[in-house]
Each structure stands twice: as structure tokens, then as C-alpha cells.
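Chains as they are written, first to last, in this note's numbering: chain A, 1138 to 1435; chain B, 1138 to 1435. To start, the structure under review is shown below, and the notes come after it.
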């Protein structure tokens, strides 16, 4: 790996923001205007994506898992810094392919790549993105803004991540496998809705049940979910299949808590925040015991 | 590794800034006031530090290589995001030790840790820090602000990184080995000097010669260095030993270009920017050919 060459050939063409000074400097100037939030997510080969996944999908996944966090806070993505620890001896062709995916989604989400780091590693490919976002309101919509009695709503379908992982492990190119590799995430219009109506918000990335519990706890509440209302990748009436999908993670929907009875376009009501702590699950009015594992703990 | 437990036990206590919302959210709010710059550096075990280095020094090194970039731009460090890819099965005791080092230098440099990511890896320990800085002027002091005729000045001594690497490889606890593990970097007072007097500035981390060349090229100039004026870790009259130290990297001094004849406290004059492109080296008036490798290329 010739780091200087690769930076010039693949990274520099993606770096067009004035604040980056053409990557000729050690630091970049952040665009700040509205209140600025920031998130950082790391993907490790063999943990967060499969060694057999096409390289361009890895670049897209890195962007999307970070953008999902920004949209869920009622903000739009702005500047990114990218760190890549590239396995020694892995080819330039594969590096170029990762950057095809990155370029595609930097463009799609109008993100300015302003800096980062490129290093060699004896281990697995490890990518870290730091992404800033401009809040549409004066502040980000927190996990902690929920209150008892507010409705819980979700955008998108739950269960694609888990189904997709199974399919991707088999090397499939099915829609499910593709959704594991390149998650379908919320859009800027979702972010605008979140900023307009949500008292609390987060992206559901580790499993619906664990993330509902997290939002409720951060808000000092409990939560009651009516499982029959959860939009599923594989619709089912059976509690087991339903709970599997609700704990499998990698879905990148947005979960919000909303005051009052207004209709929220693009979102489906799945439950309410409660005064009683803990997670209460029902399926068509019948109590369902929460499974021992609510999702991906980290 | 129980990520949630480790985050609560080691990371959360370091997170006190309001913008971090107690790590209960997916994003952090950046402190922005003065123009905000940002840098990101990654350290990989076996590449940027030795597997035998004490864990607390790894935490300190991560902070310092990033702080050095901020100080060199005439700015002071502000907010940090930390990503750790931790080797599966490595002990909690060692994790705690990395955090002792991190805590020490977050405190020393008054940095607010506001977020990040913790993941498992099958590979080497890989740490990435994203660090913002508040500019003391209206903008960062760039590499590209130099002009022919300006003097080149340096803070600190050159060669400790290279000497220290050799010593650290032997497992020494000598001052040189210690300086490889925990680099001595510029201080906030250096940053204030940079902001006040420098037309161009950068930290010297890859070797003095290559970094002088980079600053000169970014400024559209060449550079002439009088090697006998370079402050060395091991002072010598021999060109070979001198050039070795000037190309070894990991020194984290600050290199600036200054207009006019003013005395700059804490800095030593080592040469000038020239209209003629390229790097001209002299030793007590005699021409010296630049070595084929000017430093660490990346």
C-alpha cells in the first residue's frame, strides 16, 4: 500500500469542501452554522460486515450506519472524517471498490468528506467514520425527551437486518442479503418529521426491543408495545417469529415518542411510554414475556 | 468483553461535557464558538505502537498525536470522539489501563470526551480519535501560508521518535523509549505563539525533512535548511547521524514559517523558504545531498 498515492487517487477526488483545504493540511475546518452534532461508528470486517461482502457495499454501509444516527436526531448530515485501517497486501482494486461505495453515498447524502487517516493493519479491515450533522431545530432530538403517555412510532420495517445476515452468510444476492449489506435507512424527509413532531427519537440499530427499552429508560419511563402493530420484514402471527425479528438488529429504522394524537406521515404507532418502568409486550391483547435477549448489547 | 459494562465503568466517568448527554444518546453536541477545526488519527497495535508497550501509554499516545495537530494550527483542543476496536478476549484489566492513560491526558489537555464507539475485533487493538480544536485566530494556521524569504523555525528536538523506537523495541524504560511511547508534544503556549506569528505551520510527525518539504510544497515554495541549526536528540557533527535523526519521524515538534526578523520564544531557526522548488540542505555551508527517503511516507 502506497498511502500517498492511494490518498491522491481515491480519497482526494472525494474531498471538495473548502474547509478540507484539498487534504493539504493536518486538520479540516468544520462547517458550523446551525447547532452541530456528531456521531462516530466503526465497522470491523468479520464483525459488522462479512469478509465475503462486496467491497463497495462496505463503503456504503459505513456511511449509512452513521447517517441513520444523524437523521434520527432531526438533523441532516454535513461533514465527515474517515479512518481506514487497510489490511497489508490487500489490493488497490479492492480499495478502489470500497471508495466507489463511499463516493456513491457521500453524494447521495450530500456529505462533505473533509479529512481522516489511512493506515496499514495486520488485522481485519477496520473503518471509522465521524459524521457531523446540522440540527433542523435549535438542538438534537434526544433519546431522553420522552414522557409517560406519549405514543411510540416507528418508520420502516423491522427484521430485515437479521434475515439479511442469514442470507448474506449464504452468499445470496437476494433483496434481504442486499439490505444487510447496504441498509435501507431513513431519509432527510424522515429527519424533518422527527424535528417537527418528536419529543424523543433514536435509530433502531440493535434490535427493536432493546432500543425501545433504551429510549424509555433514557426518558425515565417504561414502555408498552403492541407487537401486532410492528411492521415486519416477514409478517407472522407467531410470537416466536415475531420476537426473533424484534430482537435481531441492524434495521436502522427510526423510533420516536410523540405527544398527542396527530397522524405522523411515514410512521406507524406500535405502543406508548408508560409510568411503570420496564417493557410490557402484548400480542392482540395477550401478555407476552419479553425474551431474555432483547437485542444486540453494546 | 461486555461492551455496556465497560462503557459504564471506564468510558462514562470520563464523559462530563453537557453536549455528551451522559452517553445516553447516539450523537453528541459539539461545542462551537470560535472557528472549529478537526483532526482524526488512528493507532494500530504493531504499526504505531508496540504490542509490548504498557497499555496506559497507548492511551496517552492516542491523545497526544491528535493534540499535536491541533496546537500546530494555532488552536486549542476541545471535544473528542473515541473509537476502540478491542481484541476479543483481551482482559478488562488491560482495558482499564488504556483508560488510565486516556484519562490522564484528557485531563492534562482539558479535552471533553463526548462520544465514540466500542467494538470487538479479531485483529490488533485499533484506536481512532477525532479531536476538535478552537482556533485562537479567525482561521487555522495552514501549511499553505508560507512565502519565499520567510524563515523556518522549529520547536523542540528532532530524533527522539526514531531513537525511542529502537529503545522501546528492546523493551527499555529509558527516557528515549518513554518518549516513543508517550511523545513530548507542544504546549498550549506554543499554540498561542503559532497563532500570533506563523504564516504557515504544521506538526513534524513523519520526519523533519519530509515535513519541511510538505510545508514548502503546500506553500508553493522550496526550502533551504542549515542542518547544523537543527536541535537534535543526539547532537552530532556527522551528516549521516544527523540525516538519520532528521528522517526518523514520530517527533511531534512544530514547524513554522515566519515573516521578518522577530525573535520567537521557544523556537529555533533552521532555514528559509525559497523561490527555487525542492529541498536544499547544507551543513556548515557545505551542500549535503538529500537522502532518498525523507521520512515516513503516508
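Built from N, CA and C at the ideal position, the CB exists for glycine as well. In this text the structure is predicted, and so the values were computed from the model without any measurement.
- By the Cβ test, the segment 1302-1313 of chain A is not in contact with the segment 1400-1415 of chain A, since fewer than three Cβ pairs between them sit closer than 8 Å.
- The CB of residue 1370 (chain B) never comes closer than 8 Å to any CB in chain A; the least such distance is about 23 Å.
- Every beta strand (DSSP E) stretch that sits fully inside the segment 1165-1224 of chain B and reaches 3 residues is listed by chain position as 1173-1181, 1212-1224.
- Near chain A, meaning a CB-to-CB distance below 9 Å, the residues of the segment 1276-1303 of chain B are 1276, 1277, 1279, 1280, 1281.
- Residue 1417 (chain A) has A:1361 as its beta-bridge partners, per DSSP.
- For residue 1424 (chain A), no CB of chain B lies under 9 Å from its own CB, so it is not counted at the interface with that chain.
- Contact with chain B is absent for residue 1430 (chain A), since none of that chain's Cβ atoms lies less than 9 Å from the residue's Cβ.
- Out of A:1183, A:1227, A:1258, the CA that lies nearest to the CA of residue 1183 (chain B) is found in A:1258.
- For residue 1375 (chain B), not one C-beta of chain A is nearer than 9 Å to its own C-beta.
- Rounded to the nearest whole angstrom, the C-alpha separation of residue 1223 (chain A) and residue 1195 (chain A) is 13 Å.
- For residue 1215 (chain B), the closest of B:1173, B:1179, B:1414, B:1378 by C-alpha to C-alpha distance is B:1173.
- For the segment 1342-1360 of chain B, the beta-carbon criterion of a distance under 9 Å to any beta-carbon of chain A is satisfied by 1342, 1351, 1354, 1355.
- For the C-beta of residue 1385 (chain A), not a single chain B residue is nearer than 9 Å; the gap to the nearest is close to 18 Å.
- Straight-line spacing of the CA atoms in residue 1352 (chain B) and residue 1337 (chain B) works out to 8 Å.
- Residues are counted here when their Cβ sits less than 7 Å from a Cβ of chain A; for the segment 1148-1180 of chain B these are 1158, 1161, 1162, 1163, 1164, 1165, 1166, 1167, 1169, 1172, 1173, 1174, 1175, 1176, 1177, 1178, 1179, given in chain order.
- Residue 1425 (chain B): member of the beta strand (DSSP E) spanning 1423-1425, first to last residue.
- In the structure shown, residue 1338 (chain A) falls within a strand segment according to DSSP collapsed to helix, strand and coil.
- DSSP places residue 1296 (chain A) outside both helix and strand once states are collapsed to three, so it counts as coil.
- Residue contact with chain A for residue 1340 (chain B): present (Cβ-Cβ distance below 9 Å to some residue of chain A).
- At a C-beta separation below 7 Å, residue 1188 (chain B) has no neighbours in chain A, since its nearest C-beta there lies roughly 10 Å away.
- In the DSSP annotation of this structure, the continuous segment of the alpha helix (DSSP H) that includes residue 1349 (chain A) starts and ends at 1345-1355.
- Judged by DSSP secondary structure, residue 1139 (chain A) falls outside any alpha helix (DSSP H); it is assigned neither H nor E.
- Taking 3 residues as the minimum length, the beta strand (DSSP E) runs contained wholly in the segment 1255-1300 of chain A are 1263-1272, 1288-1292, in order along the chain.
- Contacts between residue 1259 (chain B) and chain A, judged by CB atoms closer than 9 Å, involve 1181, 1182, 1183, 1184, 1260, 1261 in chain order.
- Annotated three-state conformation of residue 1386 (chain A) is coil, per DSSP.
- Around the beta-carbon of residue 1142 (chain A), fewer than 16 other beta-carbon atoms lie within 10 Å, marking it exposed.
- Apart from the 5 residues on each side of it in sequence, residue 1432 (chain B) sits with its Cβ closer than 7 Å to the Cβ of 1343, 1344, 1346, 1347, 1348, 1384, 1386 in its chain, given in chain order.
- Straight-line measurement puts the Cα of residue 1419 (chain A) at about 49 Å from the Cα of residue 1151 (chain A).
- At a cut-off of 9 Å between beta-carbon atoms, residue 1222 (chain B) makes contact with chain A.
- At a beta-carbon threshold of 7 Å, none of the residues of chain B lie near residue 1211 (chain A); the nearest stands roughly 10 Å away.
- Cβ contact annotation for residue 1231 (chain B) (same chain, cutoff 7 Å, sequence separation greater than five): 1192, in chain order.
- Judged by DSSP in its simplified three-state form, residue 1253 (chain A) adopts strand.
- Taken through DSSP and simplified to helix, strand or coil, residue 1369 (chain B) comes out as strand.
- At a cut-off of 9 Å between C-beta atoms, residue 1251 (chain B) counts as an interface residue with respect to chain A.
- By the neighbour-count criterion, in which 16 or more other beta carbons inside 10 Å mark a residue as buried, residue 1139 (chain A) falls on the exposed side.
- Taking the Cα positions, residue 1282 (chain A) is about 18 Å away from residue 1416 (chain A).
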